[in-house]
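These protein sequence lines map, in sequence, to chains A and B.
As numbered in my numbering, residues 29 to 305 make up the first sequence, in order.
As numbered in my numbering, residues 631 to 940 make up the second sequence, in order.
Don't be surprised by glycine CBs; every beta carbon is placed ideally from N, CA and C.
All figures in this text were calculated on a predicted structure; none of them were measured in a lab.
Below is one structure; the comments refer to it alone.
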Amino acid sequence: MFTHKELQRISNELRIDIIKAISRAKSGHPGGSLSAIDILVYLFFNEIKRTKENALDPNRHRFILSKGHGVPALYAILARIGLITYDELMNLRVLGSPTQGHPSYLDLPYVEASTGSLGQGLSIAIGMALAAKIDKKSYRIYCMTGDGESQEGQIWEAILSAPKFNLDNLCVILDYNKSQIDGYTKDVMDLEPIKDKLEAFKWNVLEIDGHNFEEIENALNIARETKGKPTYIIAHTIKGKGVSFMEDNIEWHGKAPNEKETELALQELEKLLVSNE
Amino acid sequence: MSKSTRLAFGETLAQLGEVNQNIVVLDADLSKSTMSYLFAKKFPDRFFEMGIQEANMIGVSTGLALSGKIVYACSFACFVTGRYDTIRISVAYSKANVRIIGTHAGLGIGEDGTSQMGLEDVSLMRSLPNFSVCQPCDEIETRELIKYSVQHQGPMYIRLTRQNLDKIFDEDYKFKFGKGVKLHEGNDAVIFATGALVAESLKAAKILKGEGINLRVINIHTIKPIDKEIIIQSAKECRFIFTAEDHNIIGGLGSAVAEVLSENYPAKIIRIGLPDVFGESGTPEALYKKYGFNAESLARKIEAYLKNNS
Chain A
29 MFTHKELQRI SNELRIDIIK AISRAKSGHP GGSLSAIDIL VYLFFNEIKR
79 TKENALDPNR HRFILSKGHG VPALYAILAR IGLITYDELM NLRVLGSPTQ
129 GHPSYLDLPY VEASTGSLGQ GLSIAIGMAL AAKIDKKSYR IYCMTGDGES
179 QEGQIWEAIL SAPKFNLDNL CVILDYNKSQ IDGYTKDVMD LEPIKDKLEA
229 FKWNVLEIDG HNFEEIENAL NIARETKGKP TYIIAHTIKG KGVSFMEDNI
279 EWHGKAPNEK ETELALQELE KLLVSNE
Chain B
631 MSKSTRLAFG ETLAQLGEVN QNIVVLDADL SKSTMSYLFA KKFPDRFFEM
681 GIQEANMIGV STGLALSGKI VYACSFACFV TGRYDTIRIS VAYSKANVRI
731 IGTHAGLGIG EDGTSQMGLE DVSLMRSLPN FSVCQPCDEI ETRELIKYSV
781 QHQGPMYIRL TRQNLDKIFD EDYKFKFGKG VKLHEGNDAV IFATGALVAE
831 SLKAAKILKG EGINLRVINI HTIKPIDKEI IIQSAKECRF IFTAEDHNII
881 GGLGSAVAEV LSENYPAKII RIGLPDVFGE SGTPEALYKK YGFNAESLAR
931 KIEAYLKNNS
């Protein structure tokens, strides 16, 4: 277990890796990677405790990134754990690299499933949770969805179905960063009142600040202890979190920073590391 | 004796469930039509009723398959293959061991009409990497195909009929994945047929034999990967080449045969299928007659073509 201070440091170090990787690739999605990274860091290091040793253990806890475009955040974590090399992380989107533009299971099994066409990952997570129930295994399934992808019909099919099977081994985290390619989610296709909707669909629903490790920890603890129904954690996040000019700026949904912007971003993130000491 | 291939599927799956605990089955509110209910009755813990949610069913099937299960996801051919992007990225791109069962293939369903007919499904599924596409022609072949499918690595699309089909094979028939089956000898012409049109083609061959025309009939149960060898060899040995399927002529068996021959042994091919139109309501018999799928229509078409081109 890492302290929250240690996790904060890891998150900010990985933010640097994310910016460097996307900058080198000259394309990718910084906004949604930076909004997700704090949740993913907590999840991988303190909750599912992924290591090189347990990464392919049949009884491992599983994580599906349904919002596949946020994969630079996942790759940064996999590199930190040692499941991919730092070079592979930095070869994001390069021909022949396992770090494909969106998660590709056959290229990199640690992503657990191919995603990237939005709205599909939650259904896959439900299938994995069902498999665990059939086999009477105690491993848990975690899935991160995006707010934009929650406009997909398949997401609502999945949301309708999971409570039917009493999947208390399933925990979904919505990276609610409030924006998508064409604008703010509330303008593009509003999800609100999302908490009411999920509760009406019979989920255990929690609402947290997705950048606060204490709240993330509490929510995941409650999810683990809740029996009989799946948990949906609505994590309010800030798109581009950690880089001032990217924060809550729709422009940075799917654009790589140029050399100068990269330098500015890295300077800010280095400062965060120092202030974290 | 005749039986629908969907019923043969359901019966076989219910038997296989006893010997293989890894088999799980999902359906989208059509289990009594796809015949997956026969499995559901015996193994309720390994059957998941997904409601009318084909896309979610396919995704859930993927999660089960990636967790080591052998998964049969069942619905009508048109509905299940209509959730194409989910099949593409969730199933095919991860090469998950999902067997998509599409029943109610083709005009052969009859009265329900176009919206319930799988007419473009083979074309769709054939163009997905990692996918195999199979369509058995009778109950015995269905049984053997389903038995084989348990051990197959990678996703499969299996296309089945609503209507009863004549029994063609004996009990001891050995199914060989990827291999065409010669059912009738002949060198005047060859017809490559699949599914319901295999029995019709065989009957057409018998009609034509009485008229002095020797029609070779090749059953193609595996449309992908297709048996290139039997196609090329038959094209070399037979003067005229026909294909027959209860499916749009675009992208199905006819296209697959044309792809093989154009690259290996260029030849003219007459494709029999739906001429890029939708179906309509009617009895299966009336529809097969109108669209030229029954034995008599096939025989007349082949006879006329041979006469005009000899």
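- Using a Cβ-Cβ cut-off of 8 Å, Ala-153/A is close to Gly-693 of chain B, given in chain order.
- Where Met-172/A is concerned, the enclosing beta strand (DSSP E) starts and stops at 169–174.
- Burial is judged here by how many other beta carbons sit within 10 angstroms of a residue's own beta carbon; Phe-908/B has fewer than 16 and is exposed.
- For Val-728/B, the enclosing beta strand (DSSP E) stretches over residues 728–733.
- The beta-carbon distance between Leu-832/B and Val-847/B, rounded to whole angstroms, is 5 Å. This is short enough to meet the 8 Å contact definition.
- Residue pairing by DSSP puts Asp-237/A in a beta bridge opposite His-264/A.
- Just so you know, the alpha carbons of Tyr-778/B and His-851/B end up roughly 13 Å apart.
- Tyr-260/A is positioned such that its CB atom lies closer than 8 Å to that of Val-200/A.
- Just so you know, the alpha carbons of Ile-154/A and Thr-143/A end up roughly 14 Å apart.
- Just so you know, the alpha carbons of Glu-289/A and Glu-75/A end up roughly 34 Å apart.
- In this structure Leu-696/B is in contact with Met-156/A, their Cβ atoms being roughly 7 Å apart against a cut-off of 8 Å.
- DSSP, reduced to helix, strand and coil, places Gln-182/A within a helical segment of the structure shown.
- When rounded, the separation of the alpha-carbon atoms in Phe-673/B and Ala-722/B is 27 Å.
- Here Pro-100/A is buried. Its C-beta has 16 or more other C-beta atoms within 10 Å.
- Sorting Val-216/A, Asn-246/A, Pro-191/A, Ala-159/A by C-alpha distance to the C-alpha of Glu-180/A places Val-216/A at the top.
- Residues of chain B with a Cβ closer than 9 Å to the Cβ of Tyr-133/A are, in chain order, Leu-696, Tyr-723, Ser-724, Lys-725, Ala-726.
- Residue range 58–70 is occupied by the alpha helix (DSSP H) that includes Ser-63/A, with no beta strand (DSSP E) assigned at that position.
- The Cβ atoms of Val-69/A and Leu-102/A lie no closer than 8 Å to each other.
- Under the three-state reduction of DSSP, Ser-207/A is assigned to strand.
- Those residues of the stretch 117–146 of chain A placed with their C-beta closer than 8 Å to a C-beta in chain B are Ser-132, Tyr-133, Leu-134, Glu-140, Ala-141, Ser-142, Thr-143, Gly-144, Ser-145, ordered along the chain.
- Close CB contacts of Ala-685/B within its chain, under the 6 Å cut and outside five residues either way in sequence, are with Arg-713, Thr-716 (chain order).
- Contacts between Met-156/A and chain B, judged by CB atoms closer than 8 Å, involve Gly-693, Leu-694, Leu-696, Ser-697 in chain order.
- If only uninterrupted beta strand (DSSP E) runs of at least 3 residues are considered, those enclosed by the stretch 853–881 of chain B are 870–878.
- DSSP places Ala-823/B in the uninterrupted beta strand (DSSP E) bounded by 819–823.
- According to the DSSP assignment, Leu-93/A belongs to no alpha helix (DSSP H) but to the beta strand (DSSP E) extending over 90–93.
- Judged by DSSP secondary structure, Ala-190/A falls outside any alpha helix (DSSP H); it is assigned neither H nor E.
- Residues of chain B whose Cβ lies closer than 8 Å to the Cβ of Ser-189/A are, in chain order, Met-680, Gly-681, Gln-683, Asn-686, Val-690.
- Taking 8 Å as the threshold, the shortest C-beta distance from Arg-676/B to chain A falls below it.
- Pairing Thr-824/B with Glu-875/B gives a Cβ-Cβ distance under 8 Å.
- Secondary structure at Lys-48/A: helix, using DSSP grouped into helix, strand and coil.
- In the three-state scheme derived from DSSP, where H, G and I count as helix and E and B as strand, Asp-906/B is classed as coil.
- Interface flag for Ser-720/B against chain A is set, since a Cβ pair is found closer than 8 Å.
- Not a single CB atom of chain A sits nearer than 8 Å to the CB of Thr-711/B.
- When the five nearest sequence neighbours on each side are left out, the beta carbons in the same chain lying within less than 7 Å of the beta carbon of Ala-263/A are those of Ile-67, Ile-201, Leu-202, Asp-203, Tyr-204, Ile-236, Gly-238, in order along the chain.
- With contacts defined as CB atoms closer than 8 Å, Ser-63/A and Lys-214/A fail to qualify as a contacting pair.
- With contacts defined as CB atoms closer than 8 Å, Asn-304/A and Gln-36/A qualify as a contacting pair.
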